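Chains W and B supply the protein sequences, listed in that same order. When we follow the working numbering, the leftmost residue of the first sequence carries the number 19, and every step to the right adds one. When we follow the working numbering, the leftmost residue of the second sequence carries the number 19, and every step to the right adds one.
2 protein chains.
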Amino acid sequence: MSILVTGGAGYVGSHTVIALLEEKDVDIIVVDNLSNAYRGDGVKKPEPLLRIEEMTDRHIHFYDIDIRDRNGLDKIFDNHKIDCVIHFAALKAVGESVQKPLEYYQANISGTCTLLESMRAHNVYKLVYSSSCTVYGDPQRLPLDENHPTGGGITNPYGKTKYFCEEIMKDLCSSDQNWKIVSLRYFNPVGAHISGRIGEDPTGPPNNLMPYISQVAVGRLQELQVFGSDYPTVDGTGVRDYVHVVDLADGHLRAARLFHDQSFRGFHAVNLGTGQGQSVLQLVSSFERVSGRRVPYRVVGRRAGDVAANYADVTLARTLLGWKATRSLDQMCEDTWRWQEKNPRGYRD
Amino acid sequence: MSILVTGGAGYVGSHTVIALLEEKDVDIIVVDNLSNAYRGDGVKKPEPLLRIEEMTDRHIHFYDIDIRDRNGLDKIFDNHKIDCVIHFAALKAVGESVQKPLEYYQANISGTCTLLESMRAHNVYKLVYSSSCTVYGDPQRLPLDENHPTGGGITNPYGKTKYFCEEIMKDLCSSDQNWKIVSLRYFNPVGAHISGRIGEDPTGPPNNLMPYISQVAVGRLQELQVFGSDYPTVDGTGVRDYVHVVDLADGHLRAARLFHDQSFRGFHAVNLGTGQGQSVLQLVSSFERVSGRRVPYRVVGRRAGDVAANYADVTLARTLLGWKATRSLDQMCEDTWRWQEKNPRGYRD
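Below, the structure is given as structure tokens:
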């Protein structure tokens, strides 16, 4: 069995690759343009994949191409008998997407369409897609279940690309019964592999809370800015549904297993979260406890586009995928901290 | 002054090209991949452009390229000092878009993004975009004004591509103050140039009502199917806001004039319609009257995705563009019939 993983050198991608290799005798082909991943000078493979090969004693096929390169993709499908695709490759920084919308639309939408075209041309119709709870926009009710409307009130191009791609995939599945697509709507992925060798390695200042906290804890950044303390939440700070990246990776394996059922078809969106909301200050407090470090923070004004709270209804993940997040907030912080302490400069160390 | 017209060999595109040439001393550069336009064997230029050159005694620069071809576009911007772009190039058949969603998303979204990237790389920031009232989805109120929500309940990929492109352009204008984009939301374009030499020339069976009626009148098709006669409208048949294509063309000229005002910037969506709804049977009746031909029809069931009625609030077109549709329904039918009678097989004659 061969699985093509686009964006397999990235954060969730690399954790899914290691989970796939740990689990079974599967051939992994990674496509990544390394737009957001580290590769040492003169080295052919990005560092996360090298580490995974070392840890698992397995070989990963790696192609340094952009998914908008149709010929490049076609060659991969010609060279490998791909059974299914797990598609992570995308630009993902919310703030940057507001500055560079065209780049986001081209990379994420044109990229996804080109991948789908190449798949179809090679009779590969099974796809697990890396989506996001941002498709729900401004929550009309909590917890967010998969029937909550999507597309309304999305305030940034990144989120719109995820929503547009889901719509494209829905239309594609309606037009052609061959397609089987599972769109996994992640809530807030955090944590790292238990080995401390694989983790999140943002280029530049982190855009997300957990890597920011851990870089403050390790001394790379001075203090955390907390955006708003007057939300109608447990302590006034924003509430999110943090989910351990190793749990997420397992969700992808379970999604891909759905394809074994010959009668499974069409487009299915599934939330991946714990179902529990945690506030910024709860996360800080857990991180300080497990790391033994102080995380100085300063409360500043609310940030445009942020909502007070969101968290998942995870019923469908349980019933359809047989999946449930099992790792606690403390474990998320512990594993993040292990990765950060061992790799204060990420994969550059 | 040089204007690049993408899709300039198409229906609204060709009428806009002739209006531009009739009006002023402007250099016209047409880009068209001829996916939906006729070109005689061994002829370099598509027939509509040849006819326009003959009628106006003016030269049109023509490039047979696809707007997804970034290098091809770049060369055009290098070769001509383009002042602004009028962007028609798109796939536009609603039914086909349901069958071939990927093709529509690639052509319309990736194509538009590539055009915008090439424009920006050449410091061209002025764009008139060919949008559609389909962006409004299922009307929540009538008439449809530009503040009516967009994106909700759009039932086909074609309509979604128009909506997504508008969102992309809005985000682009928010990210960069240089951009000036006018998105013209057409209601139902019909009619033809008064000469009878330029008109709508669908490849295959017509997807829209007016060309269908005129092909029945001319004997190319046997009878008209009327989809539903139990709508809550004047006579039970669907009501639409038909607008003469020469009026539409004039709307593009007026939109491009907004760019003369140095302070004009950002994204502006403007309806182009008459503000009046006409039923299917009213259109048939007008057509029979002006053509002197019978148009046999048969009422069949409603068609999925059709709404009972839509028509435009045209206040903004008047106040912002100084534009108003001036041609009556009878004129729309008369001009369509002249074109059809003179060219029973469209540009192939």
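Heads up, the beta-carbon is just placed ideally off N, CA and C, and yes, glycines get one too. Nothing here was measured: the structure is a model prediction, and the numbers come from that model.
Per-residue contacts from B/Cys-151 into chain W (C-beta, under 7 Å): To locate residue 151 of chain B, count along the second sequence from 1; it is residue 133. Result: empty, since nearest Cβ-Cβ is about 19 Å, beyond 7 Å.
Can you list, in chain order, the residues of the segment 152-171 of chain W whose Cβ is nearer than 9 Å to any Cβ on chain B? Pro-167, Gly-169 and Gly-170
Residue of B/Leu-133, B/Tyr-365 and B/Thr-255 minimising C-alpha distance to B/Leu-299: Locating residue 299 of chain B in the second sequence gives position 281, where the first residue counts as 1. Nearest option by C-alpha distance: B/Thr-255.
W/His-278 beta carbon near the ligand SAH (any heavy atom closer than 7 Å): The ligand SAH is not part of the structure shown, which contains no ligands of any sort.
Does the segment 197-214 of chain B come within contact of the segment 218-230 of chain W, defined as at least 3 CB pairs closer than 8 Å? no
Put W/Thr-24 into one of helix, strand or coil per three-state DSSP. Here residue 24 of chain W refers to the residue found at position 6 when the first sequence is read from its first residue. Here W/Thr-24 sits in strand by DSSP.
Could you give the uninterrupted runs of the beta strand (DSSP E) lying entirely in the segment 172-250 of chain B, keeping only those of 3 residues or more? 198-204, 206-208 and 242-245
Could you spell out where the beta strand (DSSP E) holding W/Phe-282 opens and where it closes? Here residue 282 of chain W is taken as the residue at index 264 of the first sequence, counted from 1. Note, W/Phe-282: premise wrong, no beta strand (DSSP E); not H, not E.
Can you give, in chain order, each stretch of the beta strand (DSSP E) that sits fully within the segment 267-337 of chain W and has at least 3 residues? 284-290 and 315-318
Which residues of chain B have a Cβ atom closer than 7 Å to the Cβ of W/Cys-102, listed in chain order? Translated into the one-based positions of the first sequence, residue 102 of chain W becomes position 84. The premise fails here: W/Cys-102 is roughly 18 Å from chain B at the closest Cβ pair, so nothing lies under 7 Å.
Enclosing alpha helix (DSSP H) for W/Leu-68 [first to last residue]: In the first sequence, residue 68 of chain W corresponds to position 50, counting from 1. Per DSSP, W/Leu-68 belongs to the alpha helix (DSSP H) from 65-74.
Going by C-alpha distance, which of B/Ala-287, B/Asn-141 and B/Arg-366 is nearest B/Thr-337? In the second sequence, the residue the question calls residue 337 of chain B occupies position 319. When each option's Cα is compared against that of B/Thr-337, the closest is B/Ala-287.
Output needed for B/Gly-177: all residues of its chain with C-beta closer than 6 Å, excluding positions within five of it in sequence on either side, in chain order. Here residue 177 of chain B corresponds to residue number 159 of the second sequence, with the count starting at 1. Counting only Cβ-Cβ distances below 6 Å, and skipping sequence neighbours, we find Thr-152.
Touching by the beta-carbon criterion (3+ pairs, under 8 Å), the segment 322-332 of chain B and the segment 234-250 of chain B: yes
Residue-chain proximity (B/Pro-207, chain W), Cβ-Cβ < 8 Å: Working through the second sequence from its first residue, we reach residue 207 of chain B at position 189. So no, B/Pro-207 is outside the interface.
Give me the Cβ distance between B/Val-142 and B/Phe-95, rounded to the nearest whole Å; I'm assuming they're in contact under 8 Å. Residue mapping note: residue 142 of chain B aligns to position 124 of the second sequence, counting from 1. Residue mapping note: residue 95 of chain B aligns to position 77 of the second sequence, counting from 1. Correct: roughly 7 Å between the Cβ atoms.
Cutoff 8 Å: W/Gln-195 Cβ touching any chain B Cβ: The residue given as residue 195 of chain W occupies position 177 in the first sequence. Not closer than 8 Å to any Cβ of chain B, the Cβ of W/Gln-195 fails to qualify, so no.
For the beta strand (DSSP E) that contains W/Phe-80, what are its first and last residues? Here residue 80 of chain W refers to the residue found at position 62 of the first sequence. First-last of the beta strand (DSSP E) with W/Phe-80: 78-81.
Quick check: W/Gly-209 and W/Phe-106, are their CB atoms within less than 8 Å of each other? Within the first sequence, the letter at position 191 stands for residue 209 of chain W. Within the first sequence, the letter at position 88 stands for residue 106 of chain W. Contact flag unset, no.
According to DSSP, simplified to helix, strand and coil, what is W/Tyr-260? Counting from one through the first sequence, the residue named residue 260 of chain W turns up at place 242. In the structure shown, W/Tyr-260 sits in a strand (DSSP, three-state: E or B).
Integer Cβ distance of W/Gly-10 from W/Ala-343, believed to fall under 8 Å: An answer regarding residue 10 of chain W cannot be provided, because it is not within the stretch 19 to 367 covered by chain W.
Which residue marks the beginning of the beta strand (DSSP E) containing W/Tyr-143, and which one marks its end? Locating residue 143 of chain W in the first sequence gives position 125, where the first residue counts as 1. That residue, W/Tyr-143, is in no beta strand (DSSP E); it is neither H nor E in DSSP.
Could one say the Cβ of W/Ser-148 lies closer than 8 Å to chain B's Cβ atoms, at least one of them? In the first sequence, the residue the question calls residue 148 of chain W occupies position 130. Judged by the 8 Å Cβ criterion, W/Ser-148 is not in contact with chain B.
Interface partners of B/Val-112 on chain W, CB under 7 Å: Residue mapping note: residue 112 of chain B aligns to position 94 of the second sequence, counting from 1. Correct list: empty, because the minimum Cβ distance to chain W is about 12 Å.
Taking all protein chains shown into account, do 16 or more other C-beta atoms lie within 10 angstroms of the C-beta of W/Val-61, making it buried, or fewer, making it exposed? As a working mapping, residue 61 of chain W is identified with position 43 in the first sequence. Its Cβ having fewer than 16 others within 10 Å, W/Val-61 is exposed.
Comparing alpha-carbon positions, which option in W/Val-112, W/Gly-90 and W/Gly-26 lies nearest W/Glu-71? Residue numbering aside, residue 71 of chain W sits at position 53 when the first sequence is read from its first letter. Nearest C-alpha to W/Glu-71: W/Gly-26.
Determine the closest residue to W/Tyr-260 out of W/Asn-289, W/Pro-229, W/Ala-267 and W/Gln-294, with distance taken between C-alpha atoms. Within the first sequence, numbered from 1, the residue matching residue 260 of chain W stands at position 242. It is W/Gln-294 whose Cα lies nearest to the Cα of W/Tyr-260.
Looking at C-alpha atoms only, which residue of B/Val-112, B/Asn-361, B/Gly-31 and B/Asn-126 is the closest neighbour of B/Glu-184? As a working mapping, residue 184 of chain B is identified with position 166 in the second sequence. Nearest option by C-alpha distance: B/Asn-126.
Contact under 8 Å by Cβ, W/Gln-358 with W/Val-236: As a working note, residue 358 of chain W is residue 340 in the first sequence. As a working note, residue 236 of chain W is residue 218 in the first sequence. In this structure, W/Val-236 lies closer than 8 Å to W/Gln-358 by Cβ.
Less than 6 Å between C-beta atoms, sequence neighbours within five positions excluded: which residues of the same chain meet that for B/Leu-91? Residue numbering aside, residue 91 of chain B sits at position 73 when the second sequence is read from its first letter. Hits under 6 Å: Ser-136.
Name the chain B residues whose beta carbon is nearer than 8 Å to that of W/Val-116? Locating residue 116 of chain W in the first sequence gives position 98, where the first residue counts as 1. Ordered by position in chain B, the residues that pass the 8 Å Cβ test against W/Val-116 are Asp-189, Ser-192 and Ser-193.
Please report how far the alpha carbon of B/Arg-88 lies from the alpha carbon of B/Ile-78, in whole angstroms. The residue given as residue 88 of chain B occupies position 70 in the second sequence. The residue given as residue 78 of chain B occupies position 60 in the second sequence. One C-alpha to the other measures close to 21 Å.
Spell out whether any CB of chain B is found under 8 Å from the CB atom of W/Ile-199. Stepping through the first sequence from its first residue, residue 199 of chain W is reached at position 181. No, its Cβ sits nowhere closer than 8 Å to a Cβ of chain B.
What residues of chain W sit near B/Gln-300, judged by a beta carbon separation below 9 Å? On the second sequence, residue 300 of chain B is found 282 positions in, with the first residue counted as 1. Per Cβ cutoff of 9 Å: no residues; B/Gln-300 is ~33 Å from chain W at best.
With a threshold of 8 Å between beta-carbons, can W/Ser-128 be considered close to chain B, or not? Walking along the first sequence from the start, residue 128 of chain W turns up at place 110. Chain B contact via Cβ: present.
Should B/Lys-144 be flagged as near chain W, meaning a C-beta pair shorter than 8 Å? On the second sequence, position 126 is the one that residue 144 of chain B refers to. So no, B/Lys-144 is outside the interface.
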